[in-house]
Amino acid sequence: MAFEKPPSLENFQEIIPETKIELTLRQKTIRILAVICVLLLLLLVSVNLWKSDLTAQLRGTGAVHGVAVTTLGKPFEGSIFVTGTKLATKTNADGSFLLKNIPIGQRFIVIADSQSGREVPVNIVAGQVTEMGMVQFELTAAP
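Per our numbering, the sequence shown starts with residue 742, numbered consecutively.
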């Protein structure tokens, strides 16, 4: 018993109608606008993700070291923190401080007491301790 060869698509080419999907100008415009919107959304999400502390932690961290003193040159006892993060520490009795695990890039270190504070810009480099040296804390009159 011989088996027949099954029919192929070429056998039915004549009876299969050709279907061309023609898009109208309006449909083309909507598709182009949708693609542009998706690309803009992806761009905004990636920029926000790149600026987040999560990716900063993935890119690397550094540390900052310095000595906070008053205008009279005496050791300042207060708080040190990094704006935009939850990182904070206290100065030692001699005014020195070391703050670790700071996300890399341009940051602001705040030296503060219970009434006022001073913001100091610093560039954090991955795997390095940025030395701030002596930072003078100026006491201001409270209102």
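Every residue gets a Cβ at the ideal spot worked out from N, C-alpha and C, and that includes glycine.
Please read these numbers as outputs of a predicted model, since none were measured by experiment.
Where residue i falls, given that 16 or more other Cβ within 10 Å makes a residue buried
i	result
proline 884	Residue confidence is low: proline 884 scores 48 on pLDDT, short of 50, so the model does not pin down where it sits. Its coordinate-derived value is still stated next. When all chains shown are included, proline 884 counts as exposed.
isoleucine 843	buried
isoleucine 852	buried
phenylalanine 817	buried
Within 9 Å, strictly: CB atoms of residue i and residue j
i	j	result
arginine 859	phenylalanine 878	yes
threonine 802	glycine 819	no
phenylalanine 822	isoleucine 865	no
valine 808	serine 837	yes
valine 810	methionine 875	yes
leucine 840	alanine 867	no
The beta strand (DSSP E) enclosing residue i, as first and last residue numbers
i	result
lysine 746	Note, lysine 746: premise wrong, no beta strand (DSSP E); not H, not E.
isoleucine 865	858–865
leucine 871	Here residue 871 is threonine; the residue named in the question, leucine, does not match the sequence. Residues 870–878.
Query raised in the report: In chain order, which continuous runs of the alpha helix (DSSP H) of length 4 or greater are located wholly inside the region 772–855?
Result: 794–800
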